[in-house]
Amino acid sequence: MAPETTANLPRHIGIIMDGNGRWARKRLLPRYGGHSMGAKTFQKIAEYCSSIGIEYVTAYAFSTENWKRPPKEVATIMRLMKQYLSFLGDLSVFDEEMRTTMLELEKESSTCTGMHLNIAVNYGGRDEILRAVKQISQKVSQGELTQEEITEEVFSRHLYTAGQPDPDL
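What the sequence shown shows, in numbering that gives the first Met the number 0, is residues 0 to 168, in sequence order.
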């Protein structure tokens, strides 16, 4: 049931997709079965968030550390991610087919209105900070920005979620 007002709702919800493997193991299922169930559950959560007026949802779905998982598990996660819309992170490590799928999904959804859904893949917080610092330092070295002009707002404009509010839940 949707609330009467969105005044008390967070604008941006961040979800860390964790525990799918443990959930599957508890039920004597393969780890990738847990990821499939997690994706279905996430879809329900995203649809509900959209229906009640949440503006942004970011799901941290595949970290830079997840590449160390067994190949079959990684392949299952990659297959599941092809079903989503907007991707954050370093996409250059994915094969051409996966990158093409991600870009096509983003293009198809670019005219959609309503909730903005981010899927963080090959994402690491330190990697994002390093990327932003490199971009800012390049602007400083090119004379486009002075060290004194670097503020929290400038830093925020160099994050993957530039233009979006920080997650508040």
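C-beta atoms are modelled at their ideal positions from N, C-alpha and C, and glycine is treated no differently.
Who are the Cβ neighbours of residue i in its own chain at under 6 Å, not counting the five residues just before and after it?
i, result
"Ile118", "Ala58, Ala60, Tyr83 and Phe86"
"Gly32", "Ala23"
Compute the Euclidean distance between the alpha carbons of residue i and residue j, then round it to the nearest angstrom.
i, j, result
"Arg156", "Gly124", "15 Å"
"Asp89", "Ala6", "34 Å"
"Ser109", "Gly162", "15 Å"
"Ile135", "Pro164", "20 Å"
"Leu129", "Thr160", "15 Å"
Taking residue i as the reference, give the member of the options with the closest Cα.
i, options, result
"Arg78", "Glu152, Glu64, Thr63 and Ser35", "Ser35"
"Arg21", "Ile14, Ile15 and Arg30", "Arg30"
"Glu133", "Phe154, Leu116 and Thr150", "The sequence shown places Lys at residue 133, not Glu. Residue Phe154 is the option with its Cα nearest to Lys133."
"Asn121", "Lys106, Ile44, Glu64 and Phe41", "Glu64"
"Val92", "Ser62, Pro69 and Leu116", "Ser62"
Would you say residue i lies against chain B (beta-carbon separation less than 8 Å)?
i, result
"Tyr47", "Given the protein chain composition of this structure (a single chain), no chain B is represented."
For residue i, count neighbouring Cβ atoms within 10 angstroms of its own Cβ and tell me buried if that reaches 16, exposed if not.
i, result
"Ala74", "exposed"
"Cys48", "buried"
"Ile15", "exposed"
"Val56", "buried"
Since residue i is in the alpha helix (DSSP H), which residue starts that stretch and which ends it?
i, result
"Ile149", "Taken as a continuous stretch (DSSP letters only), Ile149 belongs to no alpha helix (DSSP H), as it is neither H nor E."
Tell me which residues share the same chain as residue i and place their Cβ nearer than 7 Å to its Cβ, disregarding the 5 neighbours each side in the sequence.
i, result
"Leu158", "Glu127 and Ala131"
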